[in-house]
Amino acid sequence: MSRLWKTLSQHIVAPTQLNLEQIPGLLAPFRRSAAIRRHAAAVIIARVQFISALFALLVPLWSLVDLWVFDGATAWSLVGLRFVSAAVFVILAWPRELSSIRPYAQAMTMLLCMLLVPPLFYLGSVQIIDASALDAWQQLVVRLYAFMPTIVLGGLAIFPLTALEMLLFSLPVLAAAGIGAVASGAELALEQQGAMLWFMLMMMGVAMFSGMSQSHYMESLVQKAMTDPLTGAFSRRSGAEALELMFRLAVMAGKPLTVMFLDLDRFKAINDGYGHDAGDEALRTLVAHLRRTLRRGDVLVRWGGEEFLVILPEMPADQLPSFLARLRDGGLGLRPDGAALSASIGIAECLADGADDWQKLVSIADQRMYAAKQGGRDRAVLPDGTMLALGFSTAAG
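Counting in our numbering, the sequence shown runs from -3 upward without gaps.
Written as structure tokens, this is what we have:
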């Protein structure tokens, strides 16, 4: 048994190893990073649109069965209900852009709307169909309609959802199944409905297992694509995407957004004198020390080589001197010879510099970084043009 479980874990459950830090993000969505939530939102919306487009075609086609099995009044009432359901699916399938402000809320709303259509159709059909006088074919169709909530629970398995989301989406579906059973005249007794309840709970468990596995796999792939393999900082591509979104949000809210362009001083001397392995270690050390100073919402990007970009949302220009003091006190680590690592830094802030796009903001910070380097290194140039001597060379590593 243990061997079988190991095989399943390697090939089905966990294509990549699961570490303890990822578990909270599999249990609840608010423990995921903003980047993971945005990617999950894109995946969920794409699948909702595909399934909705498919059902927008299939649901009306089943009207032929209703017209064949039921009497005219009942059949046409069901057909009307089907076309209302199809209209909802068409709306959900209609192409739309991912929201730049609340993409995850957009995805959850679309998914909830899609999931509610079959249970609501089932409840509507219970009100339309007279269960007291049904022939064999009509009873078969009614039983098929009663399986709609169960099918919805199974359908949740194709979405990368957390355990909490699976539970919350399952509750209204289970409620619809119970209401429908009562409306059709069935007694909510365990001995009568126990088998159906057990089957629905099993489908819910399988869907939860599958959704969490997809979430873990998706998060692992996204993290690999987004991060620099050497330092663990954001890659330039993912960092640019994050900066574009954060710049747009800052402009809409009228809030400050600061970028800090940092270039490690005399990095070439480390590579030339101690080898590239020592240079790689210096970069990893730099990133580790920077993260101790950065806030939770700040973003660290390896822009290229020994150049790093730090995105500081809601960091006004007047707070930068104190931020740089904390950065200096924390240090950037040590060079192979035991001396302190130092850096030349250029800083730009969207409100103070009047940048009309994120590329301009980075360009201004880049120019100031070169000014700091030309001014003697181990310095920072602020948005007002002030050049500060940082003193990393005297700070503790």
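Where a beta carbon is used, it is the ideal one built from N, C-alpha and C, also for glycine.
*Answer with buried or exposed for F26, where buried requires no fewer than 16 other C-beta atoms within 10 angstroms of its C-beta.*
exposed
*Let me know the secondary structure DSSP gives L386 once reduced to three states.*
coil
_Assuming D349 is part of the alpha helix (DSSP H), what are its boundary residues?_
346 to 349
*Taking the CB atoms as reference points, tell me whether D259 and A339 lie closer together than 8 Å.*
yes
_Suppose the cutoff is 6 Å on Cβ atoms and the five residues either side in sequence are ignored; what does the same chain contact list for W394 look like?_
Since the first residue of the chain shown is -3 and the last is 393, residue 394 is not available in this structure.
*Find the nearest neighbour of L245 within the set A321, L378, S95, judged by alpha-carbon distance.*
S95
*Contained alpha helix (DSSP H) runs [length at least 4] in the region 167 to 251, N- to C-terminal order*: Those alpha helix (DSSP H) runs which fall completely within the region 167 to 251 and span 4+ residues are 186 to 222, 232 to 249.
_Integer-rounded CB distance, given that A103 should sit under 8 Å from A37_ = 4 Å
*asked:* Given this structure, state the Cα-to-Cα distance separating P11 from Y213, to the nearest angstrom.
replied: The pLDDT assigned to P11 is 44, lower than 50, so where the model puts this residue is not dependable, and the model offers no usable value.
*3 or more residues per run - each beta strand (DSSP E) lying fully within the region 277 to 343*: 295 to 300, 303 to 309
*Quick one: Cα of R232 to Cα of A376, how far?*
22 Å
*Going by DSSP, which residues form a beta bridge with M256?*
V306, I343.
*Would you kindly work out how many angstroms separate the C-alpha atoms of V44 and F257, rounded to a whole number?*
Cα-Cα distance, rounded: 40 Å.
_In the DSSP output, which residue or residues are listed as bridge partners for A24?_
DSSP, once it has assigned bridges, lists no residue as partnering A24.
*Pairwise C-alpha distance: K251 and M365*: 24 Å
*Between the region 77 to 85 and the region 149 to 161, do three or more beta carbon pairs fall short of 8 Å?*
Between the region 77 to 85 and the region 149 to 161, the count of Cβ pairs shorter than 8 Å is below three; the stretches do not touch.
*Three-pair Cβ contact test at 8 Å for the region 206 to 225 versus the region 166 to 178*: As far as the Cβ criterion goes, the region 206 to 225 does not touch the region 166 to 178, which means the pair count is below three.
*Per DSSP, the bridge partner or partners of R375*: The partner list for R375 (beta bridge, DSSP) reads A385.
_Buried or exposed for V178, going by 16 or more other Cβ atoms inside 10 Å?_
Classification for V178: exposed.
*Three or more beta-carbon pairs under 8 Å between the region 376 to 388 and the region 278 to 288, yes or no?*
no
*Return no unless some Cβ of chain D is closer than 8 Å to the Cβ of L357.*
In the displayed structure, chain D is absent; only one protein chain is listed.
*Could you name each continuous alpha helix (DSSP H) segment of 4 residues or more that falls completely within the region 134 to 161, going from the start of the chain to the end?*
144 to 151
*Out of G150, F388, M110, which has the shortest C-alpha to C-alpha gap to G334?*
F388
*asked:* Can you give me the C-alpha to C-alpha distance between P114 and P145, rounded to a whole angstrom?
replied: When rounded, the distance between both Cα atoms is 7 Å.
*Exposed or buried, L308, counting other C-beta atoms within 10 Å across all chains shown (16 or more means buried)?*
Result: buried.
*Do the CB positions of P99 and A82 come within less than 8 Å of each other?*
Taking a C-beta distance under 8 Å as the contact criterion, P99 and A82 do not qualify as a contact pair.
*Buried or exposed: M383, going by 16 or more other Cβ atoms within 10 Å of its Cβ?*
exposed
_Taking the straight line between their C-alpha atoms, what separation do you get for L323 and I341?_
11 Å
*Closest by C-alpha distance to T227, when choosing among A361, C346, G300*: G300
*Nearest-angstrom beta carbon gap, L107 and I32 [assumed within contact, 8 Å]*: Between L107 and I32 the Cβ distance is about 17 Å, and since that is not below 8 Å, they are no contact.
*asked:* Using 8 Å as the threshold, is the C-beta distance between A49 and A89 below it?
replied: For A49 and A89, yes; Cβs fall inside 8 Å.
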